[in-house]
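FYI, in the working numbering the residues of the sequence shown are -19 to 154. The C-beta atom is built at its ideal place from N, Cα and C for all residues, glycine as well. This structure is a prediction, so every number in the text was calculated from the model and none was measured.
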Amino acid sequence: MSEKNDLLRPALGGFRWEGVEREAYKAEGAASFRGVSRQRLFADPRLAAELRYFEIAPGGFSSLERHAHLHAVMVLRGRGRCLIGDTAHDLAPHDLVTIPEWTWHQFRAAPDEPLGFLCLVDAARDRPRPPDAHDLAALRAIPAAAEFLDGALAREPQEGDGGSCDFSPKAPTG
Ligand code: MN
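Here you go:
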C-alpha cells in the first residue's frame, strides 16, 4: 500500500476495488454468521486504524459478538438492521453507527437486499467474544433483542455459514 502504484486503486463498480481481495469467511464449527464478505480497503501499518468494507448477502447476518474495540460504521448500500446492546435499529444508506466497547452487536441484511457498510477499527484490537449460554439468556430476556436474534437465526444453515465473523488472524491483537 506504500508503493506508488497503490496510491490510487480505482473503483471497479459493484463495490469492488482494484487490488483489494474479497475475502469470504469459511466454516469454523458453529454457524454464527451467513453470507458475509470482507474487503480490507486500508490496512496500512503507518495508520493506527483499518477501514474495511463488509457486505452481507440478502438474508445473511454477521456474528453476534462483543469486544473491547469500537466499530465506526457507515452504511453504503442496501437495507438491514443492527442490534446494538438491547436495541435493534433499521439501517439505510449513509447511516452512521457506533458500536461502543463491550456491547453486543450483530448486523443483518434485509431478506431481499444486501447490506454493505464501511467499518473503521483500531489496527491493534482484541478478538471478538461470542456469547455464552448465560449471555444469550440475558439478551433473550430483552424483547427487542430476542426478536432480532430470532429473525437472524431462524433460517436453516446454508453454504457459506461459518464461525467467528470479524477477526483477521493477520491483524495484531491486544
Ligand atoms: Mn465486532
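- Task: Label Trp82 either buried or exposed according to how many other C-beta atoms from any shown protein chain fall within 10 Å of its C-beta, with 16 as the threshold for buried.
- Result: exposed
- Quick one: is Ala10 buried, meaning 16 or more other Cβ sit within 10 Å of its Cβ, or exposed? Residue confidence is low: Ala10 scores 48 on pLDDT, short of 50, so the model does not pin down where it sits. Its coordinate-derived value is still stated next. Result: exposed.
- Query: How do the stretch 100 to 111 and the stretch 59 to 72 stand: do at least 3 beta-carbon pairs fall below 8 Å, yes or no?
  - Reply: Short answer: they don't touch.
- Could you tell me if His74 is buried or exposed, where buried requires 16 or more neighbouring beta carbons within 10 angstroms of its beta carbon? His74 is exposed by the Cβ-count criterion.
- Task: Within the same chain, show all residues whose beta-carbon is closer than 6 Å to that of Leu95, passing over the 5 residues directly before and after it, in chain order.
- Result: For Leu95, same chain residues with a beta-carbon under 6 Å away, outside a window of 5 residues either side, are Ile36, Gly58, Gly60 and Ala89 in chain order.
- Task: Assign Gly65 to one of three DSSP states: helix, strand, or coil.
- Result: coil
- Item | Environment of His51 [buried if 16+ CB atoms lie within 10 Å] | Under this definition His51 is a buried residue.
- Message: Given this structure, state the Cα-to-Cα distance separating Gly39 from Ala121, to the nearest angstrom.
- Response: 24 Å
- Could you please give the first and the last residue of the uninterrupted alpha helix (DSSP H) stretch that includes Arg120? Ala113 to Arg120 is the span of the alpha helix (DSSP H), which, as asked, contains Arg120.
- Message: Please classify Leu(-12) as buried or exposed, where buried requires at least 16 neighbouring CB atoms within 10 angstroms.
- Response: exposed
- Query: Under three-state DSSP, which class holds Asp(-14)?
  - Reply: helix
- Is Gly(-1) helix, strand or coil when you go by DSSP? DSSP places Gly(-1) in coil when its eight states are reduced to three.
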